[in-house]
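Numbering (our numbering), first residue to last: 8 to 86. The C-beta atom is built at its ideal place from N, Cα and C for all residues, glycine as well. All values derive from a computational prediction rather than experimental measurement.
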Amino acid sequence: MVHTDLIVRDLEFSYEGVFNFKELLSIVKCFFGRHNYGVDEKLYDTKVKGDLKNTKIKWVCDRRVDDYNKCVVKLIIDL
C-alpha cells in the first residue's frame with residue numbers, strides 16, 4: 008500500500024506586472040535539474056484571444072530518495 012505525506016498543499020504565488028516568461032521557465036527547470044528531479048511535462052497549452060495570450064503548463068517533477076521513497080512536486084503555471 009502506498010503512503011503519501013503532503014508537505015505543502017496549494018501554495019500559490021501571484022504577481023502583476025511585466026516579466027520574462029522564458030527566463031522564468033529556465034530558472035524553474037534549472038532548479039529542478041540542480042536538485043536531480045526529473046521533469047515530466049503533462050500539459051503545455053497556449054490560447055490566443057484577441058490581444059491576450061493565456062498559457063497553462065503542468066509539470067510533475069520527481070526524484071528518488073532511496074529504494075522506498077520518492078519526492079514528487081506537482082507544478083501548475085497558469086498565465
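Comparing alpha carbon positions, the residue from Ser33, Thr53 and Leu82 closest to aspartate 69 is Leu82. In the structure shown, isoleucine 84 falls within a strand segment according to DSSP collapsed to helix, strand and coil.
In this chain, the alpha helix (DSSP H) harbouring glutamate 30 covers 28-41.
About 5 Å separates the CB atoms of aspartate 52 and lysine 63; that is less than 8 Å, so the two are in contact.
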